[in-house]
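Heads up, the thing below is written out as structure tokens.
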Amino acid sequence: MASNVSVLDIDRKQFIVVKIGSEQYGIDIGYVDNIVRMQKITRVPKAQSYFPGIINLRGEIVPVMSVRTKMGLEPDEITDASRIIILKIEQQGSFGIITDAVKEVVTLSEEEIDKVSGVRAGKDFFINGIGKHGDELISLFDINAIIEEKENA
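Plus 59 on top of the position in the sequence shown (first one is 1) and you've got our numbering.
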């Protein structure tokens, strides 16, 4: 029985391109549940420094993470372009990450993605590939590495 899915579709993935600082990062669209404007974040006592708090998203309490802080970058600068990307991960449920801006959605084929190996930056490494889109490079987030809690961090 023939399938209607072409071979070209199988090795292509879509990524939402976000800006964090001056860099572009890609988030696999399969993880993205929603993109919301910046809103009031309620602090949670004794939470890790990279968790500024929680938001109420249509009645659901969603923890929000600062990827900048987790990656050891300068603190978030909230602007009109800032967005919270709501990610859905099967085991962990929903959580949000703060980005400086959402740029576009790109589709990359396997040939346009270089796997990253041997370039570990310290003990925390959040990138699992580099996407080549035109003449731009997009660092592709390893979502599981970002949300993973390190016991001895």
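Cβ coordinates follow ideal geometry from the N, Cα and C atoms, glycine included.
Please read these numbers as outputs of a predicted model, since none were measured by experiment.
- Distance check between E133 and each of G152, E119, S81 places S81 closest, using alpha-carbon atoms only.
- Within 10 angstroms of the beta-carbon of P104 lie fewer than 16 other beta-carbons, which makes it exposed.
- DSSP places K129 in the uninterrupted alpha helix (DSSP H) bounded by 126-129.
- The beta carbon of I156 sits closer than 6 Å to those of M124, V126, I144, all from its chain and outside the five residues before and after it, given in chain order.
- Excluding residues up to 5 positions away in sequence, F184, F185 lie with their Cβ nearer than 7 Å to the Cβ of A204 in the same chain.
- Within 10 angstroms of the beta-carbon of L146 lie 16 or more other beta-carbons, which makes it buried.
- With fewer than 16 other CB atoms across the displayed protein chains lying within 10 angstroms of its CB, Q150 is exposed.
- The residues T166, S168, in chain order, have a CB closer than 6 Å to that of R71 in the same chain once the five nearest residues on each side in sequence are set aside.
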